[in-house]
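Peer 1: Structure below; questions to follow.
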Ligand code: SF4
């Protein structure tokens, strides 16, 4: 796995081999507090707005997920595994159950569980909380799951797409590394929203044009990680779809939920949509996140409506700065980074909205991150 260089597809792109080594080492530690054996949790609780690649994978290639899960369990010395799904993923559960009946799991004890539907419920420690019978609230860290996860056991939590890639990566590591692909959900203002397998390094523009039939209103904005990172302007569409290149460009790849927004959209309506999403999905545990996301949302609604003053932007920057260092999970700092990153890229639009002038653009506001938005409805898979 280290030779293949596989990195996790749950959003963080963390090297899989290092994660496996950490769980394995913890399980072998004679001085660890818990004597319970390690366990593997496959994270199929896909909740990033717009992303349906894990759902697609579980419906159409469930055997690959289970084959990777069996290999991962063997690597870390686990004899028990759980596939954890979003509450609404009945079809995915049925597909995995059908595949399980035919899969050679080498004595691995496998359970398939469904949880809640909220965004934060897909966070790895929130999943562990649900599996232990509590509400889906992320845990403070440390400890991380590899050291003390489910019931205090060394726990490997791995995204289902990552697991589905394991058999090919293990079988021929050099070949896998030389032509690595990833699943991308392309959605928003494109002719053909959908899930595509794309070679890492492909320019974003090529994915929009060749996979999704092109943009319907020009390339205004590209959100390669959905709401979970600052977007790129359409002028930067030649940036490669690659986690390191996107980070260097001030964005991220995350779960490759690539939202395309047309050139006529007001970026302040996008910023308000982003902030409202983070406010809506904050779980309520940490005051800096709960209050901070509410503040960002309130200020951005005022900016969009043209009722904000320049001083409000100072308050927004102050709130975002505080949010960057607080919170049990990444929600708070991700909200701050996404929203401020977008605002930095559209400072002229921000100024045009201040002082009671309102939006100078003729196009209607867009709210792609809202549940049931036309952009989300167009990519959602039938139940
Ligand atoms: S940072 Fe936000 S979403 Fe995460 S645990 Fe705290 S309140 Fe919940």
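In our numbering, the protein residues as written are 101 to 483.
Just so you know, even glycine gets a beta-carbon here, dropped at the ideal spot from N, CA and C.
No experiment lies behind these values; they were computed from the predicted model shown.
Report yes or no: do three or more beta-carbon pairs, one from the stretch 313–332 and one from the stretch 351–359, lie closer than 8 Å?
Peer 2: yes
Peer 1: Could you compute how far the alpha carbon of residue 109 sits from the alpha carbon of residue 461?
Peer 2: 37 Å
Peer 1: Excluding the 5 residues preceding and the 5 following residue 441 in the sequence, name in chain order all residues of the same chain whose CB lies nearer than 8 Å to its CB.
Peer 2: 329, 330, 331, 350 and 351
Peer 1: Which ranges would you report for the beta strand (DSSP E) in the stretch 243–289 if only whole runs of at least 3 residues count?
Peer 2: 255–259 and 281–288
Peer 1: Leaving aside the five residues before and after residue 280 along the sequence, list all residues of the same chain whose C-beta is less than 6 Å from its C-beta, in chain order.
Peer 2: 300
Peer 1: Mapping the DSSP letters down to three states, classify residue 217 as helix, strand or coil.
Peer 2: coil
Peer 1: Compute the distance between the beta-carbons of residue 262 and residue 116, then report whether it is under 9 Å.
Peer 2: yes
Peer 1: DSSP beta-bridge partners for residue 361?
Peer 2: 321
Peer 1: So which residues put a beta carbon under 5 Å from any heavy atom of ligand 1, going in chain order?
Peer 2: Cβ atoms closer than 5 Å to ligand 1 belong to 220, 238, 382, 383, 385, 386, 389, 427, 428, 429, 431 and 432.
Peer 1: Between the alpha carbons of residue 457 and residue 413, how many angstroms are there, rounded?
Peer 2: 16 Å
Peer 1: Run through DSSP, which three-state label would residue 332 get?
Peer 2: strand
Peer 1: By how many angstroms is the C-alpha of residue 219 removed from the C-alpha of residue 235?
Peer 2: When the Cα atoms are used, residue 235 and residue 219 turn out to be separated by approximately 13 Å.
Peer 1: For residue 185 versus residue 214, is the C-beta distance shorter than 9 Å?
Peer 2: yes
Peer 1: Under the assumption that residue 308 contacts residue 286 (Cβ atoms under 8 Å), give the Cβ distance between them as a whole number of angstroms.
Peer 2: 7 Å
Peer 1: Taking 8 Å as the limit between beta carbons, can you name the residues of its chain near residue 101, skipping five residues before and five after?
Peer 2: 116, 117, 120, 175, 266, 269, 270 and 273
Peer 1: From this set, 422, 294, 224 and 448, which residue's C-alpha is nearest residue 482's C-alpha?
Peer 2: 294
Peer 1: Touch check for the stretch 240–260 and the stretch 445–452: three-plus C-beta pairs under 8 Å?
Peer 2: Note that the stretch 240–260 does not touch the stretch 445–452; fewer than 3 beta-carbon pairs, one per stretch, sit closer than 8 Å.
Peer 1: In angstroms, rounded to a whole number, what distance separates the CA positions of residue 156 and residue 223?
Peer 2: 20 Å
Peer 1: Just the Cα atoms here: how many angstroms apart are residue 335 and residue 314?
Peer 2: 15 Å
Peer 1: Apart from the five residues on each side of it in sequence, which residues of its chain come closer than 7 Å, Cβ to Cβ, to residue 64?
Peer 2: Limits of the chain in this structure are 101 at one end and 483 at the other, which puts residue 64 out of reach.
Peer 1: Please name the residue, chosen from 177, 103 and 264, that lies closest to residue 153 on a Cα-to-Cα basis.
Peer 2: It is 264 whose Cα lies nearest to the Cα of residue 153.
Peer 1: When the distance is taken between beta carbons, is residue 340 closer than 9 Å to residue 368?
Peer 2: With a cutoff of 9 Å on beta-carbon distance, residue 368 and residue 340 are scored as not near each other.
Peer 1: Run through DSSP, which three-state label would residue 340 get?
Peer 2: strand
Peer 1: Would you decide whether residue 233 is buried or exposed? Buried here means 16 or more other CB atoms lie within 10 Å of its CB.
Peer 2: exposed
Peer 1: To the nearest angstrom, how far is the alpha carbon of residue 138 from that of residue 415?
Peer 2: 46 Å
Peer 1: Distance, Cα to Cα, residue 384 vs residue 240?
Peer 2: 14 Å
Peer 1: Is residue 422 helix, strand or coil by DSSP?
Peer 2: helix
Peer 1: Just how far apart, CA to CA, sit residue 439 and residue 404?
Peer 2: Going by the C-alpha atoms only, they are around 13 Å apart.
Peer 1: If you measure between the beta carbons of residue 90 and residue 204, is that distance less than 9 Å?
Peer 2: Outside the displayed range of the chain (101 to 483) lies residue 90, so it cannot be described from this structure.
Peer 1: Taking the beta strand (DSSP E) that residue 142 falls in, what are its first and last residues?
Peer 2: 139–144
Peer 1: Alpha carbon to alpha carbon, how far is residue 131 from residue 168?
Peer 2: 30 Å
Peer 1: What do you get for residue 172, buried or exposed, if any count of 16 or more other CB atoms within 10 angstroms of its CB means buried?
Peer 2: buried
Peer 1: Quick check: what's the CA-CA separation for residue 182 versus residue 142?
Peer 2: Take the alpha-carbon of residue 182 and the one of residue 142: they are about 6 Å apart.
Peer 1: Mapping DSSP to helix, strand and coil, what is residue 351?
Peer 2: coil
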